[in-house]
Amino acid sequence: DGGITQSPKYLFRKEGQNVTLSCEQNLNHDAMYWYRQDPGQGLRLIYYSQIVNDFQKGDIAEGYSVSREKKESFPLTVTSAQKNPTAFYLCASSIGGKLTDTQYFGPGTRLTVL
Amino acid sequence: KQEVTQIPAALSVPEGENLVLNCSFTDSAIYNLQWFRQDPGKGLTSLLLIQSSQREQTSGRLNASLDKSSGRSTLYIAASQPGDSATYLCAVSRNAGNMLTFGGGTRLMVKP
Chain A
1 DGGITQSPKY
11 LFRKEGQNVT
21 LSCEQNLNHD
31 AMYWYRQDPG
41 QGLRLIYYSQ
51 IVNDFQKGDI
61 AEGYSVSREK
71 KESFPLTVTS
81 AQKNPTAFYL
91 CASSIGGKLT
101 DTQYFGPGTR
111 LTVL
Chain B
115 KQEVTQIPAA
125 LSVPEGENLV
135 LNCSFTDSAI
145 YNLQWFRQDP
155 GKGLTSLLLI
165 QSSQREQTSG
175 RLNASLDKSS
185 GRSTLYIAAS
195 QPGDSATYLC
205 AVSRNAGNML
215 TFGGGTRLMV
225 KP
């Protein structure tokens, strides 16, 4: 089955620790995205990548880092510099970075900082 | 800066009703608008995508309209069913890459 997988589904972290969220896709999509969703709010873009070995900051990149070493993978690291990391994190991908390319979303990872 | 607003934030209707969800955006220079569905604790599923040159799109019981000049879109759901209960999000695309600006969503409950 083709799709986007995110792991783990739930993640708990102590304050001051870095944590990495996984996002993998087997859709052969070039573009991948990370969003953050807070309760009752829409999604906000953290980082996006239109091609392997390239990525750009979104609207709320501070305290986050990404890498795109493989087409299939776009891991997100939430660093200790992120002041309020508890949120629902969603990864998405699209065939390319064109405006006509629909984004397909993974099931999300809920991160809770204890 | 583009801002997207969805009203109402929550809506509860009896099964069988036709209903309209609203989305407004402040900058009319958009390239397309999408409606998504999100079930609790899950990812998003794209429902309809309207290009800026289009006025509406239809898929089954769903119809989405777009009025760029007034900065508005509506999602019409005909003959609502309990399975339609979810949060509906609208998002507009910007002029760089394929970045989306999302509204806060409308949480819909359809009661049997």
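Quick mapping for you: the protein sequence lines, in order, are chains A and B.
For the first sequence, our numbering gives the first residue as 1, with consecutive numbering after it.
For the second sequence, our numbering gives the first residue as 115, with consecutive numbering after it.
Note that beta-carbon positions come from the ideal geometry of N, C-alpha and C, so glycine has one too.
| query | result |
| --- | --- |
| Between Pro8/A and the rest of its own chain, which residues show a CB-CB distance below 7 Å, the 5 nearest in sequence each way excluded? | Thr109 |
| Verify the contact flag: Gln152/B, CB atom, against every heavy atom of the ligand SAH, threshold strictly below 7 Å. | This structure lacks the ligand SAH, and indeed carries no ligand of any kind. |
| Determine which residues share a DSSP beta bridge with Phe150/B and list them. | Ser160/B and Leu203/B |
| Compare the C-alpha of Gly63/A against each of Leu76/A, Glu69/A, Thr102/A and Lys14/A and name the closest. | Leu76/A |
| Tell me, which residues are paired with Ala92/A by DSSP? | Tyr33/A and Phe105/A |
| Would you decide whether Ala119/A is buried or exposed? Buried here means 16 or more other CB atoms lie within 10 Å of its CB. | Because chain A in this structure spans residues 1 to 114, residue 119/A falls outside the shown range and cannot be described. |
| With respect to the beta strand (DSSP E) encompassing Pro128/B, which residues constitute its N-terminal and C-terminal limits? | Ala124 to Pro128 |
| Name the residue from Thr20/A, Thr112/A, Asp30/A and Asn18/A whose alpha carbon lies nearest to the alpha carbon of Lys70/A. | Asp30/A |
| Apply the 10 Å Cβ neighbour rule to Gln195/B and answer buried if 16 or more other Cβ atoms are within range, or exposed otherwise. | exposed |
| For Lys156/B, which residues in chain A fall below 7 Å Cβ to Cβ? | Pro107 and Gly108 |
| How close, in whole Å, do the beta carbons of Leu203/B and Gly217/B come, if the pair is a contact with beta carbons under 8 Å? | 6 Å |
| For the pair the stretch 16-27 of chain A and the stretch 42-49 of chain A, tell me if three or more CB-CB distances fall below 8 Å. | no |
| Does the beta-carbon of Phe12/A have 16 or more other beta-carbons within 10 angstroms, so that it is buried, or is it exposed? | exposed |
| Taking only beta-carbon atoms, is Gly218/B less than 8 Å away from chain A? | yes |
| Compute the Euclidean distance between the alpha carbons of Ile191/B and Leu161/B, then round it to the nearest angstrom. | 11 Å |
| So, is Met223/B buried or exposed, given that buried needs 16 or more other C-beta atoms within 10 angstroms? | exposed |
| By Cβ distance below 7 Å, which residues in the same chain neighbour Thr102/A in space, the five residues on each side in sequence not counted? | Ser94 |
| Taking the straight line between their C-alpha atoms, what separation do you get for Pro154/B and Leu43/A? | 14 Å |
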